[in-house]
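Using my numbering, you'd call the opening residue of the sequence shown number 171 and step up by one each time. Where a beta carbon is used, it is the ideal one built from N, C-alpha and C, also for glycine.
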Amino acid sequence: MLTTQQPVLRRFWYPVIPVDHLLQGPQSFTLMGQPLVLWLGNGGQPAALADRCCHRSAQLSKGVVQNGCVRCPYHGWAYDALGTCTTVPQIDPGTAIPKTYQVPSYLCQERYGYVWVCLDDNPLQAIPEIPQFTDPSFRFIHEFYEPWQVGGLRAIENSFDSAHGHFVHASSWGDMANPQPPPIDEVTETSFGFVMKHWLEVLNPDLQKKNLGIEGEKTIRTNTRTWYMPFARTLHIEYPNGLIHLIFTAYTPIDDQHSQVVQFCLRNDTETEAKAADIIAFDRQVTSEDRVILEGTDYDAPLSLAEEQHMASDRPGILMRHRLAKLLKDHGESEQRRPDH
Ligand code: FES
Ligand SMILES: [Fe+2]
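If you want it as structure tokens, here you go:
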């Protein structure tokens with residue numbers, strides 16, 4: 171499936187940039203092949219427009235913010251959050267600005283410290299609800315914001331793949347002597363994806379002993395994984411001592427071959443009990459282990475099951491393929507593939 175070739179995927183919200191990056195002025199981000207300019211407009215609300223001035227096509231993201239509008243660096247035309255040109259310095263004040271001086275605008279809002287954008291005016295789903303974000307017993311830890319060379323479906327299915335850990339994460343928590351994952355306890359389909367529960371026995375290296383407050387050489391993770399179609403998830407890990415490590419990850423589609431990794435975690439412990447820097451260090455190791463593998467995969471993951479081979483633990487990825495195939499069909503689309511497929 172080629173993400174940029176499936177218009178229905180434009181009807182989802184994606185986190186595109188930490189909102190505090192916009193304190194430096196307008197920024198650019200390419201979402202599903204669409205270059206955007208993002209900035210903080212009136213009242214500090216984020217705004218998103220196509221990153222191309224309608225005068226002579228300059229990149230608005232190279233401009234500045236002025237009176238809540240983004241001002242083009244080339245001749246100084248300025249645009250508001252709806253993409254309407256509000257200032258043309260070369261015409262007399264009071265002269266009407268033609269209505270055609272307009273740049274496409276996109277739905278944009280701030281949530282969880284990130285700017286989220288939907289490229290369509292009618293999103294199919296709301297931004298994922300993560301109640302722990304406002305729960306005072308949880309702390310928020312920003313983890314990663316970086317582009318990977320991987321297709322969205324390859325990346326998101328990895329997050330639900332309970333068989334890869336003992337190999338890919340053999341240097342962090344994987345136990346190669348124990349390669350068979352326990353069966354998935356429960357899968358509940360939802361309107362936005364699915365919720366999957368299972369448990370996993372993992373090795374508990376020294377850094378994790380500190381981070382988790384658990385002494386043993388092994389521990390058990392009780393996992394609730396929620397898929398937010400198409401490329402986001404939460405992984406709610408509960409340890410035997412009641413510690414919860416909840417990870418949100420989005421693989422925001424930059425284009426068919428690249429995804430922006432957006433990851434933060436929420437924990438019901440304190441900085442005294444476990445340093446955020448140590449928590450990030452361990453998750454960095456794990457995430458980097460995934461990245462090496464994922465960047466080597468074929469970005470054009472097929473929705474059809476006939477093209478690749480499968481095993482029992484692939485059930486979440488298979489369900490994702492079914493649901494995405496149904497999504498395309500329901501919206502009159504057929505799966506688009508690389509020309510050489
Ligand atoms: S190109 Fe933007 S004002 Fe001329
Ligand atoms: Fe992994």
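Under the three-pair Cβ rule at 8 angstroms, the region 383-392 does not count as touching the region 476-489. Rounded to the nearest whole angstrom, the CA to CA distance from Thr440 to Arg309 is 7 angstroms. Residues of the same chain with a CB within less than 7 angstroms of the CB of Arg461, apart from the 5 flanking positions on each side, are Trp318 in chain order. Taking non-hydrogen atoms of ligand 2 into account, the C-beta of His368 is found less than 7 angstroms away from none of them. Of the residues assessed, Asn374 falls on the buried side of the cut-off, its CB having 16 or more other CB atoms within 10 angstroms. Not one heavy atom of ligand 1 is found less than 7 angstroms from the C-beta of Ser342. Cβ-Cβ separation between Ile300 and Thr404: approximately 6 angstroms, consistent with a contact (criterion under 8 angstroms).
Between the C-alpha atoms of Thr174 and Leu206 there is a straight-line separation of about 15 angstroms. A heavy atom of ligand 2 is found nearer than 7 angstroms to the CB of Gly335. For secondary structure counted as the alpha helix (DSSP H) over 4 or more consecutive residues, the region 211-298 holds no complete run.
In its chain, beyond the 5 residues on either side, Pro352, Asp355, Ile390, Arg391, Thr392, Asn393 have a beta carbon closer than 8 angstroms to the beta carbon of Trp369. Counting only the Cα atoms, Ser307 lies some 14 angstroms from Thr442. Remark: C-beta atoms of His339 and Pro349 do not approach each other more closely than 8 angstroms. Taking the CA atoms as reference points, Leu497 sits about 11 angstroms from Leu473. For the pair Leu252 and Pro196, the CB atoms are not nearer than the 8 angstroms cut-off. Bounds of the beta strand (DSSP E) holding Pro423 are 414-423. In this structure, DSSP gives Thr173 a helical state, which the three-state scheme calls helix.
Annotation for Ser342: Gln455, Val456 place their beta carbon closer than 6 angstroms to its own, counting only its chain and skipping 5 residues before and after.
Environment of ligand 1, chain-ordered: Cys223, His225, Arg226, Ser227, Ala228, Cys242, Tyr244, His245, Gly246, Trp247, taking every residue with Cβ within less than 7 angstroms of a heavy atom. Lys269 and Leu219 have their C-alpha atoms roughly 16 angstroms apart.
For Gly466, there is no enclosing beta strand (DSSP E), as DSSP gives it neither H nor E. Exclusion of His511 from the 7 angstroms shell around ligand 2 follows from its C-beta lying no nearer than that to any non-hydrogen atom of the ligand.
The alpha carbon of Pro410 has as its nearest neighbour, out of Val372, Asp500, Leu294, Tyr421, the alpha carbon of Val372. Take the alpha-carbon of Tyr271 and the one of Tyr284: they are about 29 angstroms apart.
Here the C-alpha atom of Glu313 lies approximately 23 angstroms from the C-alpha atom of Gln215. Cβ contact annotation for Leu494 (same chain, cutoff 8 angstroms, sequence separation greater than five): Met171, Leu323, Met399, Pro400, Leu473, in chain order.
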